[in-house]
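Numbering (the working numbering), first residue to last: 11 to 218.
Right, here's the structure in full:
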């Protein structure tokens, strides 16, 4: 059932022109019984989402998008990917606005009690400062909490969870029914402007 739903939703998003972000997906839908199963690991996600690799970049008008894969040991980019990211940012013209996406947050307020932050956040923070004329915003998931931080002019948004209903009505930590702690299930709408400005609006789901 999960596999069919995964394939169905992938086809639907593709038809709608939705750009898949493989790094946001920590693991393929369903549980593979062993490493020999087709659905085991990242290659299946890459294949089904029809993305070039677990991490990649693309251009949309004047904005540059970078999809990272931090789903490895220590929640870090491996050396090859870090070198690729450095080259990617170096290759861009000055003042090219950049949006980065990662599964785990690179910088988050919620790390103080929830954990889950990128293990190489210090290295990434240093790299982003070097390219502070380019890096505008970093989006993440994983925490399922609505969180916003700004450091050195870079905005970091963890935009809750669209899949929030899987935890049912919540638990003793839920501020309200269906909330994850104090965050309502929902999604974000972003507006990217030609001059590099960006707006991030969170839309809570209707829980009535």
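All C-beta atoms, glycine included, are put in the ideal place defined by N, C-alpha and C. Computed from a prediction, not measured in an experiment: that's the story for all the values here.
Rank 144, 151, 129 by C-alpha distance to the C-alpha of residue 88 and give the top, closest one. 129
If distances are taken between C-alpha atoms only, which option among 163, 159, 86 comes closest to residue 169? 159
Would you grab the beta carbon distance between residue 190 and residue 171 for me? Rounded to a whole angstrom, and I think it's under 8 Å. 6 Å
According to DSSP, is residue 209 part of a helix, a strand, or is it coil? strand
Closer than 7 Å by C-beta to residue 114: which residues in its own chain qualify, once you throw out the five before and the five after it? Chain order, please. 80, 85, 126, 127, 128, 150, 152
Can you round the beta-carbon distance between residue 188 and residue 198 to whole angstroms, since I take them to be within the 8 Å contact cut? That pair is no contact at about 18 Å.
Give me the residue from 61, 121, 164 with the minimum Cα distance to residue 209. 164
Could you tell me which residues DSSP puts in a beta bridge with residue 157? 168
Rounded C-alpha distance that separates residue 141 from residue 120: 25 Å
Grab the span of the beta strand (DSSP E) containing residue 74 for me, first residue to last. 73-77
Residue from 46, 47, 83, 96 whose Cα sits closest to the Cα of residue 66: 96
Candidates 68, 73, 53, 102, of which the one nearest residue 204 by Cα: 73
CB-CB length for residue 76 against residue 98, believed under 8 Å: 6 Å
Test item: CB-CB of residue 107 and residue 206 under 9 Å: yes
So the beta strand (DSSP E) residue 146 belongs to, where does it begin and stop? 145-150
Hey, could you find the ends of the alpha helix (DSSP H) residue 140 is sitting in? 131-140
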